[in-house]
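Student:
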Amino acid sequence: MTMTKADIVREIYMRYDGMTKAQSVEAVEAILRLAKETLISGEDLLLSGFGKFNVKDKRERKGRNPQTGSELMLAPRRVVTFSPSGILRDKVNGE
Numbered sequence: 000m001t002m003t004k005a006d007i008v009r010e011i012y013m014r015y016d017g018m019t020k021a022q023s024v025e026a027v028e029a030i031l032r033l034a035k036e037t038l039i040s041g042e043d044l045l046l047s048g049f050g051k052f053n054v055k056d057k058r059e060r061k062g063r064n065p066q067t068g069s070e071l072m073l074a075p076r077r078v079v080t081f082s083p084s085g086i087l088r089d090k091v092n093g094e
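Residue numbering for the sequence shown follows numbering that gives the first Met the number 0, beginning at 0 and increasing consecutively.
#1: Beta strand (DSSP E) containing T80: first to last residue?
#2: Suppose you measure from the CA of L45 to the CA of I86; what does that come to, to the nearest Å?
#3: So, using beta-carbon positions, are S82 and N53 closer together than 8 Å?
#4: Buried or exposed for V8, going by 16 or more other Cβ atoms inside 10 Å?
#5: Kindly indicate the opening and closing residues of the beta strand (DSSP E) around R63.
#6: Measuring only the C-alpha atoms, how far is G62 from R76?
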């Protein structure tokens, strides 16, 4: 099962009695907005105990169309990668 943004909002709303549903939505949206802005600007995002989101620049490279087999050049691009913290990795692995 995949947890969606709506699921996160619902969980926050249910766990914290003092928050309204609208406040829960705004909190989740604010965190995601800050995370997006940070990554778009090219900065890495570190969430202690969770992991680190890295922005990496990929250079231009040769590629191949799998249907036709023809070669082409793939344009340079930026990608976001995620490295879990040791704490999260251990919990996911049940350690």
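Ideal Cβ placement from N, Cα and C applies to all residues, glycine included.
Tutor: Result, derived from the coordinates:
#1: Locating residue 80 in the sequence shown gives position 81, where the first residue counts as 1. Run containing T80: R76 to P83, per the beta strand (DSSP E) assignment.
#2: For the purposes of this step, residue 45 is identified with residue 46 of the sequence shown, where counting begins at 1. For the purposes of this step, residue 86 is identified with residue 87 of the sequence shown, where counting begins at 1. About 14 Å.
#3: Position 83 of the sequence shown, counting from 1, holds the residue named residue 82. Position 54 of the sequence shown, counting from 1, holds the residue named residue 53. A contact, by the Cβ cut-off of 8 Å.
#4: Along the sequence shown, one-based indexing puts residue 8 at 9. Looking at its Cβ environment, which holds 16 or more other Cβ atoms inside 10 Å, V8 is buried.
#5: As a working note, residue 63 is residue 64 in the sequence shown. Taken as a continuous stretch (DSSP letters only), the beta strand (DSSP E) holding R63 covers R60 to R63.
#6: What you label residue 62 is simply residue 63 of the sequence shown in a count that begins at 1. What you label residue 76 is simply residue 77 of the sequence shown in a count that begins at 1. Distance between the alpha carbons of G62 and R76: 14 Å.
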